[in-house]
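Engineer: Just so you know, the sequence shown maps onto residues 28 to 202 in this note's numbering. Beta carbons are placed, not taken as given, at the ideal position from N, Cα and C, and that holds for glycine. Just so we're clear, the structure is a prediction, and the values are computed from it rather than from any experiment.
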Amino acid sequence: MKLKDSRDGKTYKTVKIGNRVWMAENLDYETANSICGEMEYLTLYGCRYSWDEAKTVCPGGWRLPRQAEWNTQIEFVGDSATAGKILKATNTWSDKGRYKDGTDDYGFTALPGGVRLPQKGKTHQSFVSSGAFFWSATEVDDDESITLVLRYENDAATLFENYKDAGVSVRCLKD
28 MKLKDSRDGK
38 TYKTVKIGNR
48 VWMAENLDYE
58 TANSICGEME
68 YLTLYGCRYS
78 WDEAKTVCPG
88 GWRLPRQAEW
98 NTQIEFVGDS
108 ATAGKILKAT
118 NTWSDKGRYK
128 DGTDDYGFTA
138 LPGGVRLPQK
148 GKTHQSFVSS
158 GAFFWSATEV
168 DDDESITLVL
178 RYENDAATLF
188 ENYKDAGVSV
198 RCLKD
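Here is the structure:
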């Protein structure tokens, strides 16, 4: 099954994990504030968005997943200690040499698109080589919300608090 975004005509792979349908690629819809193609090779990773923008950027009939839905996905594929390996793509992760690619057992194909962190009084700093980061719709407080992260150095899938003005990838969930 594929998702065609009527706003720009881009087509995305989708995958069913448990009883939910997920985008199997990072959203790549350019908005006024999104970070897209920051460096030419980053087009593989789609756009990165602030949390406020991430809440509204999914195509019609799709939305940003909540923390509980990320947790359900992690539990369905295994557990938090192993879900990262299972959700990671079978390529790109080993490009750094000492790390292993994932098994991508469910076709989620998570790629290490990194995160763009805000710097006080400075421009943002990108960390492409830090892993895969995905927003959730779950707010922690005025400054932070929940992000799913898959890192190079382990097989885990971890939810943590992240600054809302960071640039993070989006995987939309079908309503």
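Could you tell me whether the stretch 113-128 touches the stretch 74-94, using the rule of 3 or more Cβ pairs below 8 Å?
Structural biologist: Because the criterion of three Cβ pairs below 8 Å is not met, the stretch 113-128 and the stretch 74-94 do not touch.
Engineer: Per the DSSP calculation, residue 194 is bridged to which residue(s)?
Structural biologist: For residue 194, which the question treats as bridged, DSSP gives the partners 143.
Engineer: Checking the sheet assignment: what are the DSSP bridge partners for residue 175?
Structural biologist: Looking at the DSSP assignment, residue 175 forms a beta bridge with 161 and 186.
Engineer: Which parts of the stretch 31-64 are runs of the beta strand (DSSP E), unbroken and 3 residues or longer, counting only runs that do not cross its ends?
Structural biologist: Whole beta strand (DSSP E) segments, 3+ residues: 38-44 and 47-50.
Engineer: Put residue 76 into one of helix, strand or coil per three-state DSSP.
Structural biologist: Correct three-state label for residue 76: strand.
Engineer: Would you identify the three-state DSSP class for residue 123, choosing helix, strand or coil?
Structural biologist: Helix, per DSSP.
Engineer: Give the straight-line distance between the Cα atoms of residue 141 and residue 64, rounded to the nearest whole angstrom.
Structural biologist: If you take the alpha carbons of residue 141 and residue 64, they lie about 13 Å apart.
Engineer: Which residue or residues does DSSP assign as beta-bridge partners of residue 5?
Structural biologist: Residue numbering for the chain in the displayed model covers 28 to 202; residue 5 lies beyond these limits and cannot be assessed.
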